[in-house]
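*Asks:* Quick note on numbering: the sequence shown equals residues 97 to 268 in the numbering used here. The C-beta atom is built at its ideal place from N, Cα and C for all residues, glycine as well.
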Amino acid sequence: MKYLVKILSILTISASLYSCNKEIDPIVLTGSWELDTLSVIVNIVYNPQVAEEYPNTLIFLEKNKHNLRRELMKPQRIVFKAPNISEFYYNDVPLPVTGTYLQESAYFVIHNTLFSDGILGASDNLRLELYYSKDRLMQILFNFLTNEDDSQETFSRLIEQFNGIGSYKKAI
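The following block contains the structure:
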């Protein structure tokens with residue numbers, strides 16, 4: 097179940113790519129993609145034994161799940177330009193975060209200053225999804241912690257699986 101959300105999303109996109117026995121249209125990322133706030137997902141699987149031992153950590157996690165989801169609602173727009181330029185647009189930042197992308201069929205990886213190791217994604221020409229790893233989500237979660245909260249180590253022990261999806265629709 098480690099990558100259940102990722103797998104389900106990829107299967108959904110794959111099913112739409114290969115349905116109806118028609119010739120597959122090439123995936124074209126070029127253009128502008130707008131955030132679909134209703135389709136942004138954060139999935140957390142935690143260790144019940146650790147949750148029993150640290151109930152406040154679980155409460156903190158439940159209270160901040162919406163904040164984590166809201167962080168995945170950034171950027172509000174992604175623009176892909178030929179030959180392989182990507183731009184992330186944020187409401188609170190006047191200039192885009194520019195990077196590059198590599199595409200292989202329906203799948204791609206974007207590299208920029210925020211995602212120096214890259215962020216994986218997929219598209220079916222109508223929707224585009226970014227897949228957030230456990231490491232990235234843990235970094236976001238750790239930014240929410242204060243001195244009054246349990247340690248990062250406790251959260252690392254509590255959370256067994258942690259992934260998210262940022263979803264975008266092709267702008268017309």
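The beta strand (DSSP E) that contains L226, what's its start and end?
*Replies:* By 1-based counting over the sequence shown, the position of residue 226 is 130. Its beta strand (DSSP E) spans residues 223-228.
*Asks:* Taking just the CA atoms, how far does M169 sit from Y227?
*Replies:* Walking along the sequence shown from the start, residue 227 turns up at place 131. Walking along the sequence shown from the start, residue 169 turns up at place 73. Y227 and M169: Cα-Cα distance of roughly 12 angstroms.
*Asks:* Leaving out five residues on either side along the sequence, give the residues of the same chain with a beta carbon under 7 angstroms from the beta carbon of D121.
*Replies:* Position 25 of the sequence shown, counted from the start, is the residue given in the question as residue 121. These residues qualify, in order along the chain: N221.
*Asks:* Pull up the distance between the alpha-carbon of F272 and that of R165, whole angstroms please.
*Replies:* Residue coverage of the chain in this structure runs from 97 to 268, which leaves residue 272 outside it and unanswerable.
*Asks:* Is the CB-CB distance between T153 and F251 below 8 angstroms?
*Replies:* Against the sequence shown, residue 153 aligns to sequence position 57. Against the sequence shown, residue 251 aligns to sequence position 155. It is a contact, given that the beta carbons lie within the stated cut-off.
*Asks:* How far does the alpha helix (DSSP H) with V146 in it extend, from its first residue to its last?
*Replies:* For the purposes of this step, residue 146 is taken as residue 50 along the sequence shown, with counting starting at 1. Unbroken alpha helix (DSSP H) run through V146: 144-149.
*Asks:* Which runs of the beta strand (DSSP E) at least 3 residues long sit entirely within the region 121-189? Give them in chain order.
*Replies:* Fully enclosed beta strand (DSSP E) runs of 3 or longer: 127-131, 137-142, 173-177, 181-185.
*Asks:* Tell me whether F240, by its Cβ, gets closer than 7 angstroms to a heavy atom of the ligand HEM.
*Replies:* Among the components of this structure there are no ligands whatsoever, and the ligand HEM is therefore not found.
*Asks:* Judging by CA-CA distance, which residue of L131, S219, F156 is the nearest neighbour of I140?
*Replies:* For the purposes of this step, residue 140 is identified with residue 44 of the sequence shown, where counting begins at 1. Closest option to I140, Cα to Cα, is F156.
*Asks:* Can the beta-carbon of L38 be found less than 8 angstroms from the beta-carbon of Q199?
*Replies:* Outside the shown range of the chain, which is 97 to 268, sits residue 38, and nothing can be said about it.
*Asks:* Rounded to whole angstroms, how far is the Cβ of A267 from the Cβ of W129, which I believe are closer than 8 angstroms?
*Replies:* Taking the first residue of the sequence shown as 1, we reach residue 267 at position 171. Taking the first residue of the sequence shown as 1, we reach residue 129 at position 33. Yes, they are in contact, since the Cβ atoms of A267 and W129 sit about 6 angstroms apart, within 8 angstroms.
*Asks:* Since V136 and S263 should fall inside the 8 angstroms C-beta cutoff, what is the C-beta to C-beta distance between them, to a whole number of angstroms?
*Replies:* The residue you call residue 136 lines up with position 40 of the sequence shown. The residue you call residue 263 lines up with position 167 of the sequence shown. Indeed, because the Cβ distance is near 6 angstroms, the residues count as touching under 8 angstroms.
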